[in-house]
Structure formats: C-alpha cells, structure tokens
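Each residue of the sequence shown is one higher than the one before, starting from 0 at the first, in numbering that gives the first Met the number 0. One structure below.
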Amino acid sequence: MHATLPLMESRDFPEIRRRRPDTLQVNLGYKCNQSCLHCHVNAGPTRTEMMARETIFEVVAYIKDAGIRTLDVTGGAPELNPHFRMLVGAAREIGVRVIDRCNLTILFEPGQQDLAQYLTDHQVEVVASLPCYIEDNVDRQRGKGVFGTSIRALQLLNAHGYGQPGSPLKLNLVYNPQGPVLPPEQQQLQRDYKHHLHDSYGIVFNELYVITNMPIQRFGSTLVSKGQFEHYMNVLKNAYQPANLDAVMCRTLLSVDWQGYVYDCDFNQMLDLPIAWKNRPRSHLRDLIGSDLTGNAIVVKDHCYGCTAGQGSSCGGALVD
Numbered sequence: 000m001h002a003t004l005p006l007m008e009s010r011d012f013p014e015i016r017r018r019r020p021d022t023l024q025v026n027l028g029y030k031c032n033q034s035c036l037h038c039h040v041n042a043g044p045t046r047t048e049m050m051a052r053e054t055i056f057e058v059v060a061y062i063k064d065a066g067i068r069t070l071d072v073t074g075g076a077p078e079l080n081p082h083f084r085m086l087v088g089a090a091r092e093i094g095v096r097v098i099d100r101c102n103l104t105i106l107f108e109p110g111q112q113d114l115a116q117y118l119t120d121h122q123v124e125v126v127a128s129l130p131c132y133i134e135d136n137v138d139r140q141r142g143k144g145v146f147g148t149s150i151r152a153l154q155l156l157n158a159h160g161y162g163q164p165g166s167p168l169k170l171n172l173v174y175n176p177q178g179p180v181l182p183p184e185q186q187q188l189q190r191d192y193k194h195h196l197h198d199s200y201g202i203v204f205n206e207l208y209v210i211t212n213m214p215i216q217r218f219g220s221t222l223v224s225k226g227q228f229e230h231y232m233n234v235l236k237n238a239y240q241p242a243n244l245d246a247v248m249c250r251t252l253l254s255v256d257w258q259g260y261v262y263d264c265d266f267n268q269m270l271d272l273p274i275a276w277k278n279r280p281r282s283h284l285r286d287l288i289g290s291d292l293t294g295n296a297i298v299v300k301d302h303c304y305g306c307t308a309g310q311g312s313s314c315g316g317a318l319v320d
C-alpha cells in the first residue's frame with residue numbers, strides 16, 4: 000500500500016485549537032467483515048488489532064472524568080470486539096449517548112443474531128453505511144451482495160422501531176462518493192435517498208450524512224496507484240471554505256485507537272499523527288484524566304482540506320446546509 004502522509008505536509012492550512020471535548024470516538028479494532036474501497040481505516044477480515052478489556056475500563060474512566068456526553072463507537076466493525084457490549088452498557092448506564100457506526104451486514108454475521116435487539120434495548124443510535132441507493136454501485140464499492148444484505152438489515156432495524164416517525168431510536172445513513180470527487184449537496188441527496196428507499200424497499204430513516212472521502216489509507220493508496228492523488232488534493236484545496244473551520248469536528252471530539260492512544264480525529268489516527276500534548280511523542284487516554292484540553296493546538300496536514308472543502312465534512316455529515 001502506498002503511504003500518503005509524505006504527500007500531505009501542510010504549509011498553509013490554518014492553525015485551529017480545541018474547545019472542551021464532548022465526544023469520544025473510540026475505535027474498537029480494525030477487524031471487519033467487509034473490505035470497502037473507500038475505507039480510510041484499511042479494515043478487513045484479516046485484521047487482528049482489537050481493544051483489550053483493560054483499555055475499555057480506561058475509556059469508561061475518562062468518559063466519567065471528562066463529562067463526555069457522546070460515545071461514538073467505530074472500527075472496523077466495532078461489534079466484532081468481544082467487549083463491545085460491555086462498553087455500550089457501561090456508557091448507557093451513566094446516561095451517555097452512544098453511536099454505533101454499523102456496516103449493516105454485521106447484523107447477519109454468526110454470533111450477532113441478537114445484535115439488533117441489543118441495540119434497541121439500549122437505545123443506541125445507529126449510523127449505518129450505505130454509500131448509494133443503487134445496488135450495482137454499492138456492490139462495486141463494498142463487495143458483491145452487500146447491497147441486498149444491507150437492505151435486509153435496514154428493514155430489520157425499521158421493524159425494531161429505528162428511524163420510524165416519533166421513535167427515539169435514531170437511524171442515520173452515510174453516503175461516500177464513488178471516486179475522487181466532492182459529495183453532492185446533502186439535503187437534496189437525503190431527499191433522493193428517502194424517496195428511493197421508501198418507494199423501493201419500504202425503508203425509513205432519520206438523516207443522511209454526506210462524508211467526503213479522505214485521501215488516506217486504502218482510498219488514498221488507490222488514488223496514488225491510479226495517478227489521481229494530486230488531482231484530488233487540488234479538488235479539495237480549491238474548494239476550501241474558511242467558514243467551515245469553526246465547525247470542524249476535531250474542535251470538540253477526541254479519537255482513541257484500539258490501544259488507547261489519543262488523536263485529534265479518526266483521520267489523524269489513521270495517519271499516526273497523535274495529539275500534541277505536553278511535548279509527549281504520544282499520549283494515552285489515561286494520561287489525560289484530570290486534564291483540560293481547551294485551547295490545545297490541533298495537528299493539521301493537507302488532508303484537513305477534506306473536512307473544510309465545499310459544504311464541509313465530519314462524522315456527522317456536512318458542516319453547513
């Protein structure tokens with residue numbers, strides 16, 4: 000795989016600083032039952048990295064100490080970590096909002112038959128990947144048969160109350176572009192998704208999150224192989240909008256890897272760019288207990304243009320309407 004970090008040494012991206020963190024995004028491991036082309040984590044079935052039970056306890060301790068309001072659980076497929084439910088249960092017990100970044104097909108993997116019921120019982124918010132509402136496009140990006148299984152999973156979640164009008168069970172979908180282009184306008188695409196999925200499959204959901212593909216890991220390496228990396232970086236830089244700087248997710252979010260080390264965002268984690276804190280080469284989550292990160296400088300490189308181009312991008316979708 001081609002390394003992309005040496006190609007992204009930023010000299011002109013503006014300095015940005017942290018506010019008080021209210022969201023902890025935790026990567027429970029890189030093992031996944033899929034290998035998607037756009038994956039910035041390079042997750043897949045052969046990955047073995049997995050967060051240990053002891054680190055789960057440290058995550059919960061930090062959540063309590065820092066007054067974190069949202070736990071955003073990701074992977075890989077986070078549900079494949081044997082301690083996934085322990086973490087979710089501990090967070091919900093203290094009133095923390097929990098988001099599960101679910102690839103949908105995991106609901107039908109061996110040992111996960113009761114996952115939909117578990118998520119329902121604990122009122123976990125589901126953010127589900129569905130990069131297109133057209134079968135051929137999804138299967139080309141995520142693997143043959145993934146679209147059909149994803150539709151079955153969405154119908155199962157709907158049957159449990161997810162995404163239904165008036166239900167507290169939130170179901171949000173994620174769109175990623177097929178290639179080195181900016182995503183379309185979020186609100187219009189959301190209307191298209193809702194119309195097509197409802198009319199074709201009877202599926203309902205709350206919101207669509209439109210996320211820009213980051214030129215790192217598997218997607219970035221593919222761009223390098225195809226000679227498209229510089230073109231895509233120019234697309235991002237030319238669409239830069241200074242107004243997006245105020246709303247980028249790294250101002251209030253902390254990213255934690257499977258070993259417990261801390262980064263300004265999930266993308267920096269994948270580039271091995273740890274949070275800059277007290278001149279340490281890297282900081283573990285336990286090192287931050289009792290600390291105030293307000294005003295701390297955020298580590299930036301050229302991939303940050305991906306979050307600030309056009310309508311902006313974050314793990315919660317576009318930054319502006």
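We treat Cβ as the ideally placed atom computed from N, Cα and C, and that holds for glycine. No experiment lies behind these values; they were computed from the predicted model shown.
Self-check item: Through-space distance from N171 to V255, alpha-carbon basis
Solution: As a position in the sequence shown, residue 255 is number 256, starting the count at 1. As a position in the sequence shown, residue 171 is number 172, starting the count at 1. The C-alpha of V255 lies about 22 angstroms from the C-alpha of N171.
Quiz item: Thinking C-beta only, is V203 closer than 8 angstroms to Q163?
Solution: As a position in the sequence shown, residue 163 is number 164, starting the count at 1. As a position in the sequence shown, residue 203 is number 204, starting the count at 1. Yes. Within cutoff.
Quiz item: If we ignore side chains and look at the alpha-carbon of each, how far apart do G311 and N243 end up?
Solution: Residue numbering aside, residue 311 sits at position 312 when the sequence shown is read from its first letter. Residue numbering aside, residue 243 sits at position 244 when the sequence shown is read from its first letter. Cα to Cα, G311 sits roughly 6 angstroms from N243.
Quiz item: What first and last residue would you give for the alpha helix (DSSP H) that runs through Y174?
Solution: On the sequence shown, residue 174 is found 175 positions in, with the first residue counted as 1. Y174 -> not in any alpha helix (DSSP H); beta strand (DSSP E) instead, spanning L170 to Y174.
Quiz item: Among residues of its own chain, excluding the 5 on either side of K236, which ones have a beta-carbon nearer than 6 angstroms to its beta-carbon?
Solution: Along the sequence shown, one-based indexing puts residue 236 at 237. Contacts found: Y304.
Self-check item: Of the residues V59, T3, G316 and Q112, the one placed nearest I288, counting alpha carbons only
Solution: Locating residue 288 in the sequence shown gives position 289, where the first residue counts as 1. Ranking V59, T3, G316 and Q112 by Cα distance to I288 puts V59 first.
Quiz item: With T73 and I215 assumed to form a contact (beta carbons below 8 angstroms), what rounded beta-carbon distance in angstroms separates them?
Solution: Locating residue 73 in the sequence shown gives position 74, counting from the first residue. Locating residue 215 in the sequence shown gives position 216, counting from the first residue. A Cβ-Cβ separation of about 15 angstroms leaves T73 out of contact with I215 under the 8 angstroms criterion.
Quiz item: Touching or not, the region 8-18 and the region 207-222, by the rule of three or more beta carbon pairs under 8 angstroms?
Solution: Contact check between the region 8-18 and the region 207-222: fewer than three CB pairs, one atom from each, fall below 8 angstroms, which does not count as touching.
Practice problem: Determine the DSSP secondary structure at H197, reduced to helix, strand or coil. | Solution: Position 198 of the sequence shown, counted from the start, is the residue given in the question as residue 197. H197 falls in the helix class under three-state DSSP.
Quiz item: On the three-state DSSP scale, how would you describe M49?
Solution: Within the sequence shown, the letter at position 50 stands for residue 49. Judged by DSSP in its simplified three-state form, M49 adopts strand.
Quiz item: Buried or exposed: Q268, going by 16 or more other Cβ atoms within 10 Å of its Cβ?
Solution: Against the sequence shown, residue 268 aligns to sequence position 269. Looking at its Cβ environment, which holds 16 or more other Cβ atoms inside 10 Å, Q268 is buried.
Self-check item: For Q189, three-class secondary structure by DSSP
Solution: For the purposes of this step, residue 189 is taken as residue 190 along the sequence shown, with counting starting at 1. Residue state, collapsed to three classes: helix.
Exercise. Note down the Cα distance separating G309 from A238, rounded to an integer number of angstroms.
Key: Numbered from its first residue, the sequence shown carries residue 309 at position 310. Numbered from its first residue, the sequence shown carries residue 238 at position 239. Roughly 5 angstroms between the two C-alpha positions.
Exercise. Using a threshold of 8 angstroms, state whether the C-beta atoms of D21 and R84 are closer than that.
Key: Locating residue 21 in the sequence shown gives position 22, counting from the first residue. Locating residue 84 in the sequence shown gives position 85, counting from the first residue. No.
Self-check item: Whole-number beta carbon distance between L188 and V209, since they are thought to touch under 8 angstroms
Solution: The residue labelled residue 209 in the question sits at position 210 within the sequence shown. The residue labelled residue 188 in the question sits at position 189 within the sequence shown. V209 to L188, Cβ: 6 angstroms. Contact.
Exercise. Between the Cα of V126 and those of D135, G88, N80 and A76, spot the shortest distance and give me the residue it belongs to.
Key: Translated into the one-based positions of the sequence shown, residue 126 becomes position 127. Minimum Cα distance to V126 is reached at A76.
Practice problem: Under the assumption that L181 contacts A152 (Cβ atoms under 8 angstroms), give the Cβ distance between them as a whole number of angstroms. | Solution: As a working mapping, residue 181 is identified with position 182 in the sequence shown. As a working mapping, residue 152 is identified with position 153 in the sequence shown. The Cβ separation is near 28 angstroms, so there is no contact.
Quiz item: Would DSSP call D263 helix, strand or coil?
Solution: Taking the first residue of the sequence shown as position 1, residue 263 is located at position 264. Here D263 sits in coil by DSSP.
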